[in-house]
Amino acid sequence: METADILFGHHSCKDFLNNAPQRINRIIIQNDHFKRYAALVTIAKNYGIRIDVKEKFFLDKATERGNHQGIIAYITPYAYYEVQELFNTAPEKPLFVLLDGIEDPQNLGTIVRTAAAAGIDGLIIEERRCAQITSTVMRVSSGGIALVKVARINNIKNVLPDLYQRQIPIIAASSQGQYLWTDIDYTAGAAIILGSESEGIRKTLLEKADYTVRIPLAKEMESLNVSVAFGVIIFEAIRQRIALCL
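According to my numbering, the sequence shown holds residues 9 to 254 in order.
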């Protein structure tokens, strides 16, 4: 039985092949879908990736009847970065994202996908109070995981001294934030903290943030999905940085 993580579905496998082919151990194509994936198979073979053809029931079993669309890829488990690696390889004015208690792998996968699209310099999660980089997260990220450096740490608060030392503003997203998300200058770099929808960011982290920001909502709504809120905030940061050619 395979011990590697499994990706499945056309877009997830294609995007991962394009972005991180070195991490794909094997691709399995459903026998009556081979012509559909002929171009993908050619690319995979050029990278020396093994291709197998199987009956539908094999793919159904491997994915627990997920919507595999006739293709699955076995990939090496995600290798996390060290936090110091993120700092050492980041530009002078980096964009980091810190997650506090995001336990839903679907949300984490969407955050990773958005982070990849925004080109952030590092994502930091906790070892226990956060979803980890699993095959579900990789699949939801649609290949974005190959473009994002993810580090794990015991407690997010342990990263804060390094951020202070590097003069990277710490910005916490909260429904009770003091500032609108558009009021903040992200061009000097930023470390954006996101919390879960149910609990939000821990008080001890909120108190240590340089700024707390909110996204105004219609009074009938209490909160946005955390991955949606992240998209709103990070692309405001990108808009500002593009304007200054950063």
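Glycine included, C-beta positions come from ideal geometry on N, C-alpha and C.
> Just how far apart, CA to CA, sit Lys64 and Gly74?
Replying inline: Locating residue 64 in the sequence shown gives position 56, counting from the first residue. Locating residue 74 in the sequence shown gives position 66, counting from the first residue. Lys64 and Gly74 have their alpha carbons spaced roughly 12 angstroms apart.
> With DSSP run on the structure shown, which of helix, strand or coil describes Leu214?
Replying inline: Here residue 214 corresponds to residue number 206 of the sequence shown, with the count starting at 1. If DSSP states are grouped into helix, strand and coil, Leu214 belongs with the helices.
>> Rounded to whole angstroms, what is the Cα-Cα separation between Leu48 and Asn39?
In response: Position 40 of the sequence shown holds residue 48. Position 31 of the sequence shown holds residue 39. Using only the alpha carbons, I get a separation of about 15 angstroms.
>> Could you tell me the alpha carbon to alpha carbon distance between Glu230 and Val236, rounded to whole angstroms?
In response: The count along the sequence shown starts at 1 and reaches residue 230 at position 222. The count along the sequence shown starts at 1 and reaches residue 236 at position 228. C-alpha separation (whole angstroms): 14 angstroms.
>> Is the beta carbon of Thr144 closer than 8 angstroms to that of Phe238?
In response: The sequence position of residue 238 within the sequence shown is 230, counting from 1. The sequence position of residue 144 within the sequence shown is 136, counting from 1. Cβ atoms of Phe238 and Thr144: not closer than 8 angstroms.
>> Give me, in chain order, the residues of the same chain whose beta-carbon lies closer than 8 angstroms to that of Val158; leave out the 5 immediate sequence neighbours on both sides.
In response: By one-based count along the sequence shown, residue 158 stands at place 150. Counting only Cβ-Cβ distances below 8 angstroms, and skipping sequence neighbours, we find Tyr86, Tyr88, Tyr89, Val120, Gly130, Leu131, Ile132, Ile133, Ile141.
> Taking the alpha-carbon positions, what's the Glu93 to Ser206 distance?
Replying inline: Here residue 93 refers to the residue found at position 85 of the sequence shown. Here residue 206 refers to the residue found at position 198 of the sequence shown. Looking at the backbone, the Cα of Glu93 and that of Ser206 are separated by about 31 angstroms.
> Do Ala125 and Ala180 have their C-beta atoms closer together than 8 angstroms?
Replying inline: Looking up residue 125 in the sequence shown gives position 117. Looking up residue 180 in the sequence shown gives position 172. The answer is no: Cβ separation not under 8 angstroms.
> Three or more beta-carbon pairs under 8 angstroms between the region 146-155 and the region 179-193, yes or no?
Replying inline: Under the Cβ criterion (8 angstroms, minimum of three pairs), the region 146-155 does not count as touching the region 179-193.
> When you compare only the Cα positions, how much space is there between Gly208 and Ser150?
Replying inline: Taking the first residue of the sequence shown as position 1, residue 208 is located at position 200. Taking the first residue of the sequence shown as position 1, residue 150 is located at position 142. Distance between the alpha carbons of Gly208 and Ser150: 26 angstroms.
> By DSSP, does Ser150 sit in helix, in strand, or in coil?
Replying inline: Taking the sequence shown and counting its residues from 1, the one referred to as residue 150 is at position 142. Note: Ser150 maps to coil in three-state DSSP.
> Are at least three pairs of beta-carbons, each pair with one atom in the region 106-116 and one in the region 218-227, less than 8 angstroms apart?
Replying inline: In short, these stretches do not touch, since the Cβ pair count stays below three.
> Got a sec? Which residues, its chain only, sit under 6 angstroms from Ala28 by beta carbon, not counting five neighbours each side?
Replying inline: By 1-based counting over the sequence shown, the position of residue 28 is 20. If we look at Ala28 and ignore the five residues flanking it on each side, its Cβ neighbours are Ala154.
> In terms of residue numbering, what span does the beta strand (DSSP E) encompassing Val158 cover?
Replying inline: The sequence position of residue 158 within the sequence shown is 150, counting from 1. Val158 -> beta strand (DSSP E) spans 158-161.
> According to DSSP, is Leu94 helix, strand or coil?
Replying inline: Start at 1 with the first residue of the sequence shown, and residue 94 comes out as number 86. Correct three-state label for Leu94: helix.
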